[in-house]
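Written below as structure tokens is the structure these notes are about.
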């Protein structure tokens, strides 16, 4: 799925819609970069830090889970850090690109539903996500998610270029 860059000149119903457009764009752009990589490039790293494109997809799914479901909604999500093992991102050998893509899109649909049903000024539910601090409003959570996605899209863009995949937006 290709989503056009959300131009600031395109009218929007409000700030929530702007956040959602950018989140959708960054999520789908990341997925497009990873979908263009050869199977061998999905589970190997081209960077000294050692992360792989599949690990990045799983990480982004859990980022949304931690900030929206576990944080803002205060839901029990089981292990909110299941994307990590031994202080690094982890993907089980049985997890596939299709599995991780579907999980990320499902998480994105959940994020969209929560944002559409909430006021941006609504505070997150108190809970362990906040380490004893006051929960932030949804708008701050969304701003954090945007920077996380934008940063990681840049990372996967470099990896895709090194692997001979697509470059640019």
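Residue numbers (the numbering used here): 433 to 601.
The beta carbon of each residue, even a glycine, is placed where N, CA and C say it ideally should be.
Note that the coordinates shown come from a computational prediction; the quantities given were computed from them, not determined experimentally.
Please report the residue range of the alpha helix (DSSP H) in which residue i lies.
i	result
residue 539	529-548
residue 485	485-496
residue 479	Segment: none, residue 479 is in no alpha helix (DSSP H) and carries neither H nor E.
residue 593	570-594
Figure out for me which residue from the options has the closest Cα to the Cα of residue i.
i	options	result
residue 563	458, 503, 574, 476	503
residue 557	574, 520, 519, 506	506
residue 577	435, 439, 459	459
residue 585	512, 530, 491, 443	491
residue 528	475, 567, 552, 570	475
residue 530	485, 546, 457	485
residue 551	457, 454, 568	568
residue 544	532, 582, 570, 559	570
Quick check: the Cα distance between residue i and residue j, rounded to an integer number of angstroms?
i	j	result
residue 554	residue 470	42 Å
residue 599	residue 548	32 Å
residue 489	residue 467	11 Å
residue 575	residue 446	15 Å
residue 513	residue 494	7 Å
residue 462	residue 566	32 Å
residue 441	residue 508	39 Å
residue 546	residue 437	23 Å
residue 516	residue 444	37 Å
Just checking, does the segment 578-596 make contact with the segment 528-548 on the three C-beta pairs under 8 Å criterion? no
Is it true that the segment 484-502 meets the segment 444-453, where meeting means three or more beta-carbon pairs spaced less than 8 Å apart? They do not touch, by the three-pair rule.
Using 8 Å as the cut-off, can you tell me whether the segment 517-535 makes contact with the segment 477-486, which would need three or more C-beta pairs spanning the two stretches below that distance? yes
Whole runs of the alpha helix (DSSP H) within the segment 435-472, excluding any shorter than 4 residues: 447-467
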